[in-house]
Amino acid sequence: MPTYEYVCKECGHQLSAEQKMSDPRLVDCPACGKPGLERQLSAGGFALKGSGWYETDFKGSSKTTKSEEGSTSAAPPCAGGACACH
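Going by this note's numbering, the sequence shown opens with residue 4, and the numbers climb by one from there.
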(Lines of atoms letter the chains of each structure in order from A; the text may use other names.)
(Lines give C-alpha, C1' and ligand atoms only; values in the text may rest on other atoms or scores of the structure.)
Protein backbone atom coordinates (compact mmCIF):
# COMPACT_ATOMS: atom_id res chain seq x y z
CA MET A 4 0.00 0.00 0.00
CA PRO A 5 1.47 3.42 -0.91
CA THR A 6 2.33 6.03 1.68
CA TYR A 7 1.24 9.57 0.85
CA GLU A 8 2.67 12.77 2.31
CA TYR A 9 0.28 15.59 3.22
CA VAL A 10 0.81 19.17 4.40
CA CYS A 11 -1.84 21.53 5.74
CA LYS A 12 -1.89 24.86 3.89
CA GLU A 13 -3.61 26.46 6.90
CA CYS A 14 -1.26 25.53 9.79
CA GLY A 15 1.71 23.81 8.10
CA HIS A 16 1.19 20.45 9.84
CA GLN A 17 2.80 17.55 7.94
CA LEU A 18 1.75 13.91 8.06
CA SER A 19 2.15 10.60 6.25
CA ALA A 20 -0.79 8.33 5.53
CA GLU A 21 -0.79 4.76 4.25
CA GLN A 22 -3.73 4.53 1.83
CA LYS A 23 -4.98 2.45 -1.05
CA MET A 24 -4.71 4.14 -4.43
CA SER A 25 -8.50 4.03 -4.67
CA ASP A 26 -9.01 5.76 -1.29
CA PRO A 27 -10.10 9.41 -1.42
CA ARG A 28 -7.52 12.06 -0.54
CA LEU A 29 -7.47 13.32 3.03
CA VAL A 30 -8.90 16.82 3.44
CA ASP A 31 -9.28 17.65 7.14
CA CYS A 32 -6.11 18.45 9.10
CA PRO A 33 -5.85 16.47 12.36
CA ALA A 34 -3.94 19.35 14.01
CA CYS A 35 -6.17 22.36 13.27
CA GLY A 36 -9.37 20.66 12.03
CA LYS A 37 -9.59 22.83 8.89
CA PRO A 38 -10.00 21.36 5.39
CA GLY A 39 -6.52 22.42 4.25
CA LEU A 40 -4.61 19.19 3.57
CA GLU A 41 -2.84 18.91 0.23
CA ARG A 42 -1.04 15.82 -1.04
CA GLN A 43 2.65 16.41 -1.72
CA LEU A 44 4.89 14.95 -4.38
CA SER A 45 7.43 12.68 -2.78
CA ALA A 46 10.03 10.19 -3.96
CA GLY A 47 8.75 6.66 -4.09
CA GLY A 48 10.78 3.83 -2.69
CA PHE A 49 10.95 0.09 -3.16
CA ALA A 50 12.90 -2.80 -1.73
CA LEU A 51 14.16 -5.88 -3.52
CA LYS A 52 13.38 -8.90 -1.38
CA GLY A 53 14.00 -12.59 -1.79
CA SER A 54 16.06 -14.36 -4.41
CA GLY A 55 15.80 -13.14 -7.93
CA TRP A 56 17.74 -12.10 -10.98
CA TYR A 57 20.21 -9.30 -10.58
CA GLU A 58 22.55 -7.76 -13.15
CA THR A 59 25.61 -9.06 -11.33
CA ASP A 60 24.41 -12.67 -11.38
CA PHE A 61 25.73 -13.31 -14.90
CA LYS A 62 28.67 -10.90 -15.22
CA GLY A 63 31.93 -12.50 -16.29
CA SER A 64 30.27 -15.67 -17.53
CA SER A 65 32.47 -17.47 -20.07
CA LYS A 66 29.69 -19.71 -21.37
CA THR A 67 28.76 -19.22 -25.02
CA THR A 68 25.46 -19.90 -26.67
CA LYS A 69 25.01 -22.18 -29.68
CA SER A 70 24.51 -19.20 -31.99
CA GLU A 71 27.87 -17.76 -30.90
CA GLU A 72 29.68 -21.10 -31.40
CA GLY A 73 28.58 -21.55 -35.04
CA SER A 74 29.37 -17.99 -36.08
CA THR A 75 33.02 -17.80 -37.21
CA SER A 76 32.83 -15.53 -40.26
CA ALA A 77 32.66 -11.78 -39.87
CA ALA A 78 30.21 -9.72 -41.95
CA PRO A 79 31.82 -7.61 -44.70
CA PRO A 80 32.15 -3.92 -43.77
CA CYS A 81 29.71 -1.46 -45.29
CA ALA A 82 31.06 0.99 -47.85
CA GLY A 83 31.04 4.32 -46.02
CA GLY A 84 28.14 3.20 -43.85
CA ALA A 85 25.68 3.80 -46.70
CA CYS A 86 24.27 0.33 -47.20
CA ALA A 87 20.72 -0.94 -46.87
CA CYS A 88 21.58 -3.82 -44.55
CA HIS A 89 21.46 -1.76 -41.32
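Where a beta carbon is used, it is the ideal one built from N, C-alpha and C, also for glycine.
- Between glutamine 22 and proline 5 the beta-carbon gap is near 7 Å, inside 8 Å, which marks them as a contact.
- Pairing glutamate 13 with lysine 37 gives a Cβ-Cβ distance under 8 Å.
- In the structure shown, leucine 40 adopts extended strand secondary structure according to DSSP, grouped into three states.
- The beta carbons of cysteine 11 and alanine 34 sit about 7 Å from each other, so the pair counts as a contact at 8 Å.
- Excluding residues up to 5 positions away in sequence, Tyr9, Ala20, Leu40 lie with their Cβ nearer than 7 Å to the Cβ of leucine 29 in the same chain.
- In the three-state reduction of the DSSP assignment, cysteine 11 falls in the strand class.
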